[in-house]
Amino acid sequence: MTTLQDTKKSPQNGGRKGPAGGLLSRQWLGPVIALVLVIVANGLISPSFFNIKVVDGHLYGSLVDIIHRGASTALVAVGMAIVIGTRGIDLSVGSVIAISGAVMAVLIRDTSLSPFIVILAALGAGLLCGLWNGILVAYLDIQPIIATLILMVAGRGIAQMITDGQIVTFHGAFFEAIGSGYLLGIPWRVIIAAIVIAGLWAIMRKTALGLFVEAVGGNARASRLAGIDARGIKVLAYVISGLCSAVAGIIIAADIRGADANNAGLWLELDAILAVVVGGASLMGGRFYLALTVVGVLIIQALGTGILLSGLPSQYTLIVKAAVVMVVLLVQAPRARQMMGRFWRRRDPQ
Amino acid sequence: MINERYYPLLATLAVCALLYGYGIFEYRAFSDTYVLGNLLTDNAFLIITAVGMTFVILSGGIDLSVGSMIAFVGVLMAELVTGFGIHPLVAVVISLVFGAAFGAFMGLIIAKFDIQPFIITLAGMFFLRGMCFLINLDSVPITHDFVSAFGGFRIPLPGRGWLSASAIVMLVAVMSGIVFAHYTRFGRNVYAIGGDRQSAQLLGIPVERTIIQVYMLSGIFSALAGVVFAFYTASAYPLAAVGVELDAIAAVVIGGTLLTGGMGFVAGTFFGGIIMGVIQTLIAFDGSLNSWWTKIVIGGLLFGFIVLQRLITRSFSGMRAGAT
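Chains as they are written, first to last, in this note's numbering: chain A, 610 to 959; chain B, 92 to 415.
This is the structure in structure tokens:
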């Protein structure tokens, strides 16, 4: 379907991109400016937006709140960014969150295993989900949207099967700390998310792995001919996404001290994809930016907070998100750029 | 030998017959036309949506906005009928025109700017769902003589069953879908574009116009599904039909339409929708199985059909070798 346009597009994208998107590349400008604008707008709407107080040794304030709420979305979004980098998509992240949360809650309730093993089991569930997606995409050559759709549909059923259709609640000091505890005033979930994301960044950008991912996304066949194990890289991307979702699932379940198979992580796949796109990645694959994806998450989260602060009903959030996606996509679209270019060229000589 | 393109459709028919046969074998009440009538009525809105989705998938695209469209049309109808006192039939026309316009707009962006349909229709899904909430936050009844007449209308079938108005609208929609797909130039263009967009363009097929028409058609069908759903439930709820887009895609795939586009049948989609309904009915009849088994079984069927499709496309010796 896209073959015709691909040939036209690729040289342009290639030319636009700096080497691996360094700090000075223009890619950074758009999302960062957008984030600053949204935050400034929030400040104008509500002057108390920038207030950060320390209550009971914890940081409080709208800015902290944005980061706090964004932690789980950011985890899912960076996994999604890597999958999108391989020219894929992972619709099953919400279901994986539900599954890993369910595994964790049931193990805590029914066994006296140490928290360490419980977390390993929940991560293992995420790993298996990612492996399943990856094999469908890489070895059975199924379109990513559809391959992950299977787990998206069946996953919630699996999660409900694990929890027996109930909302499983649990208690435990360790998990309560993960969900709503603080270290030196910083929420634990933010620390966990930051560690995972930094680790991923190091693996992707300090080794050649990130380059491999982009090579596979840019042209899977060419990368295979260049000696890259394209299928292995694809499986790895989905496994990483599954693991990231599992971490998010652990945090979300620990936060509400229970596993809700129906609602945990619902709609999160959309927010995650949105964040990746707002962060400047192309859905056509071939490039991904972890840090900018986090910026994308913060933009979306700040938009939601801004709408709440301005007193508009929270339902506006969906419309605003839709508008943001449209604008970002239109600005990114190579065709739109060509049209704009033609427009400016025509006006220049005058 | 039967043409390979009929294999998925035959598999769909076989699965449908097997499931229905199992039901009849296992539960005596299952053979009653009552069950059939309910199947057609309860799944009417899903099958209507899936017919529109079939065209989108045949063209190689996807439309995620259909579920929100169903909910939005419901809320819109409630507002027009109950709030403004407009006759339901006029509200139906307004809804269908809106569906066509919104679908065409999404198609325009997809075709003109060459952006992935998946993300544009995702934005459409957000937008319409948000619009629902703006008009109305609660579940409201739609009360009008015409609506109750629609709900009460039924043609008796032999046995205890009957054909409801929803089911009739659905059957008409399926018929017109079959005519569109197989007996019009538009239908042939859709198949050509889904099969190979580049060749279609070189053959002089108006690719952009056809893609816009495809999404317009999907908008009309999902708006019609919204109308049927609103009449069927006689109410509107902004959170209605969450996830129907996925059910519709699943119905299309289980109906044997190739996800890469270019191959499939509207009739298959009808049976795909019926299969999903039969699974739900079987699980309800069993009583001991929990509702989540529906999701797992549908996921499993989806997987089976997708693998079947892969095997078939592979046997077209390297036809799509370039696509990854």
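Glycine included, C-beta positions come from ideal geometry on N, C-alpha and C.
**Request:** Taking K930/A as the query, report the chain B residues whose CB atoms sit under 9 Å from its CB, ordered along the chain.
**Result:** Start at 1 with the first residue of the first sequence, and residue 930/A comes out as number 321. Residues of chain B passing the Cβ test: A214, F217, F218 and G221.
**Item:** Euclidean distance between Cα positions of T616/A and L875/A
**Value:** Taking the first sequence and counting its residues from 1, one reaches residue 616/A at position 7. Taking the first sequence and counting its residues from 1, one reaches residue 875/A at position 266. Note that T616/A has pLDDT 39, beneath the 50 cutoff, so the model's placement of it is unreliable and no number is given.
**Request:** Could you list the residues in the region 385 to 404 of chain B with a C-beta less than 9 Å from some C-beta on chain A, going in chain order?
**Result:** T385, K386, I387, V388, I389, G390, G391, L393, F394, I397, V398, Q400, R401 and T404
**Item:** E785/A versus M770/A - alpha carbon distance
**Value:** Your numbering for residue 785/A matches position 176 in the first sequence. Your numbering for residue 770/A matches position 161 in the first sequence. The straight-line gap from Cα to Cα measures roughly 25 Å.
**Request:** Go ahead and pull the three-state DSSP assignment for Q947/A.
**Result:** Translated into the one-based positions of the first sequence, residue 947/A becomes position 338. Note: Q947/A maps to helix in three-state DSSP.
**Message:** Please confirm whether G295/B has its beta-carbon closer than 8 Å to some beta-carbon of chain A.
**Reply:** For this step, residue 295/B is matched to residue 204 along the second sequence. It does not: the Cβ of G295/B has no partner Cβ on chain A nearer than 8 Å.
**Asked** Excluding five sequence neighbours on each side, which residues of the same chain lie with their C-beta closer than 6 Å to the C-beta of A873/A?
**Response** Taking the first residue of the first sequence as position 1, residue 873/A is located at position 264. Cβ neighbours of A873/A beyond the five flanking positions: I706, A707, G710 and I861.
**Request:** Name the residue from G920/A, G888/A and A870/A whose alpha carbon lies nearest to the alpha carbon of S382/B.
**Result:** As a working note, residue 382/B is residue 291 in the second sequence. Among G920/A, G888/A and A870/A, the Cα nearest to that of S382/B is on A870/A.
**Prompt:** How many Å lie between V645/A and V904/A at the Cα?
**Reply:** One-based indexing of the first sequence puts residue 645/A at position 36. One-based indexing of the first sequence puts residue 904/A at position 295. Spanning the two alpha carbons is a distance of roughly 10 Å.
**Item:** Other residues of its chain near G631/A: CB distance less than 6 Å, five sequence neighbours each side excluded
**Value:** Locating residue 631/A in the first sequence gives position 22, counting from the first residue. Here the model assigns G631/A a pLDDT of 45, short of 50, so the residue's position is not dependable and the matter cannot be decided.
**Outcome for M948/A when other beta-carbon atoms lying within 10 angstroms are tallied against a minimum of 16** = Position 339 of the first sequence holds residue 948/A. Exposed is the call here.
**Request:** Starting from I496/B, find everything on chain A with Cβ-Cβ shorter than 7 Å and list it in chain order.
**Result:** Lying outside 92 to 415, the shown extent of chain B, residue 496/B is not represented and no answer is given.
**Prompt:** Per DSSP, K662/A is paired with what?
**Reply:** Reading the first sequence from its first residue, position 53 is the one you call residue 662/A. The partner list for K662/A (beta bridge, DSSP) reads Y669/A.
**Prompt:** Can you find a C-beta in chain A that's less than 8 Å from the C-beta of D205/B?
**Reply:** As a working note, residue 205/B is residue 114 in the second sequence. By this cut-off, D205/B is an interface position.
**Request:** Answer with yes or no whether the minimum CB distance from F224/B to chain A is below 8 Å.
**Result:** In the second sequence, counting from the first residue as 1, residue 224/B sits at position 133. Chain A, which has a Cβ nearer than 8 Å to the Cβ of F224/B, makes this yes.
**Message:** If you measure between the beta carbons of T902/A and A884/A, is that distance less than 8 Å?
**Reply:** Taking the first sequence and counting its residues from 1, the one referred to as residue 902/A is at position 293. Taking the first sequence and counting its residues from 1, the one referred to as residue 884/A is at position 275. Yes, the pair counts as a contact, with Cβ atoms nearer than the cut-off.
**Closest residue to T212/B among I177/B, L262/B and G310/B (Cα-Cα distance)** = To locate residue 212/B, count along the second sequence from 1; it is residue 121. Comparing Cα-Cα distances from T212/B to each of I177/B, L262/B and G310/B, the minimum goes to G310/B.
**Residues near L633/A in its chain [Cβ-Cβ closer than 7 Å; skip 5 each side]** = Translated into the one-based positions of the first sequence, residue 633/A becomes position 24. Because L633/A sits at a pLDDT of 44, beneath the cut-off of 50, its placement in the model cannot be relied upon, and the following sentence gives the value as read from the coordinates. Cβ neighbours of L633/A beyond the five flanking positions: none.
**Prompt:** Given a threshold of 16 other Cβ atoms within 10 Å of its Cβ, counted over all protein chains shown, does T275/B qualify as buried or as exposed?
**Reply:** Stepping through the second sequence from its first residue, residue 275/B is reached at position 184. So T275/B counts as exposed.
**Request:** Identify whether Y791/A lies in helix, strand or coil by the three-state DSSP scheme.
**Result:** Position 182 of the first sequence, counted from the first residue, corresponds to residue 791/A. Strand at Y791/A.
**Message:** Looking at the secondary structure, which residues open and close the alpha helix (DSSP H) in which W741/A lies?
**Reply:** Residue 741/A sits at position 132 when you count from the first residue of the first sequence. Run containing W741/A: P724 to A747, per the alpha helix (DSSP H) assignment.
**Prompt:** Just by C-beta distance, which residues in the region 313 to 344 of chain B are closer than 8 Å to chain A?
**Reply:** L337, I340, A341 and V344
**Prompt:** Do you know offhand how far V172/B's Cα is from P247/B's?
**Reply:** Here residue 172/B refers to the residue found at position 81 of the second sequence. Here residue 247/B refers to the residue found at position 156 of the second sequence. Cα to Cα, the separation comes out at about 29 Å.
**Item:** Residue from L373/B, Q400/B and G286/B whose Cα sits closest to the Cα of G112/B
**Value:** One-based indexing of the second sequence puts residue 112/B at position 21. For G112/B, the nearest C-alpha among the options comes from L373/B.
**Asked** With a cut-off of 8 Å, do at least 3 Cβ pairs link the region 271 to 291 of chain B to the region 189 to 196 of chain B?
**Response** no
**Request:** Say whether chain A places a C-beta atom closer than 8 Å to the C-beta of W383/B.
**Result:** Counted from its first residue, the second sequence places residue 383/B at position 292. By this cut-off, W383/B is an interface position.
**Message:** For S657/A, report the span of its alpha helix (DSSP H) as first-last.
**Reply:** Residue mapping note: residue 657/A aligns to position 48 of the first sequence, counting from 1. Segment: none, S657/A is in no alpha helix (DSSP H) and carries neither H nor E.
**Prompt:** If you drop the 5 nearest sequence neighbours on each side, which residues of the same chain put their C-beta closer than 6 Å to that of A857/A?
**Reply:** Here residue 857/A corresponds to residue number 248 of the first sequence, with the count starting at 1. For A857/A, where only same-chain residues beyond five positions count, the Cβ hits under 6 Å are S681, L684, V685 and I706.
**Message:** Which residues in chain B have a C-beta closer than 7 Å to the C-beta of D750/A? List them in chain order.
**Reply:** Indexing the first sequence from 1 puts residue 750/A at position 141. Simply R401.
**Request:** Please name the residue, chosen from M307/B, T385/B and F362/B, that lies closest to L101/B on a Cα-to-Cα basis.
**Result:** By one-based count along the second sequence, residue 101/B stands at place 10. Considering only alpha carbons, the answer is F362/B.
**Asked** Just checking, does the region 729 to 740 of chain A make contact with the region 346 to 362 of chain B on the three C-beta pairs under 8 Å criterion?
**Response** no
**Asked** Nearest to R798/A by alpha carbon, out of G788/A, A839/A and I717/A?
**Response** Counted from its first residue, the first sequence places residue 798/A at position 189. When each option's Cα is compared against that of R798/A, the closest is G788/A.
**Request:** Check the Cβ of G774/A against every Cβ in chain B and list those closer than 9 Å, keeping chain order.
**Result:** Numbered from its first residue, the first sequence carries residue 774/A at position 165. By Cβ distance, chain B contributes N381, S382 and W383.
**Prompt:** Taking the continuous alpha helix (DSSP H) assigned at I833/A, which residues delimit it?
**Reply:** Numbered from its first residue, the first sequence carries residue 833/A at position 224. Per the sequence shown, residue 833/A should be read as Arg rather than Ile. Looking at the DSSP string, the run of the alpha helix (DSSP H) that includes R833/A is A829 to L834.
**Request:** Taking the CB atoms as reference points, tell me whether V270/B and V305/B lie closer together than 8 Å.
**Result:** For the purposes of this step, residue 270/B is taken as residue 179 along the second sequence, with counting starting at 1. For the purposes of this step, residue 305/B is taken as residue 214 along the second sequence, with counting starting at 1. The answer is no: Cβ separation not under 8 Å.
**Prompt:** Once you ignore the five residues that flank V906/A on each side, which residues in its own chain have a CB closer than 6 Å to its CB?
**Reply:** As a first step, residue 906/A is located in the first sequence; it is residue number 297 there, counting from the start. Within the same chain, V906/A has close Cβ partners G679, T682, A683, A686 and A884.
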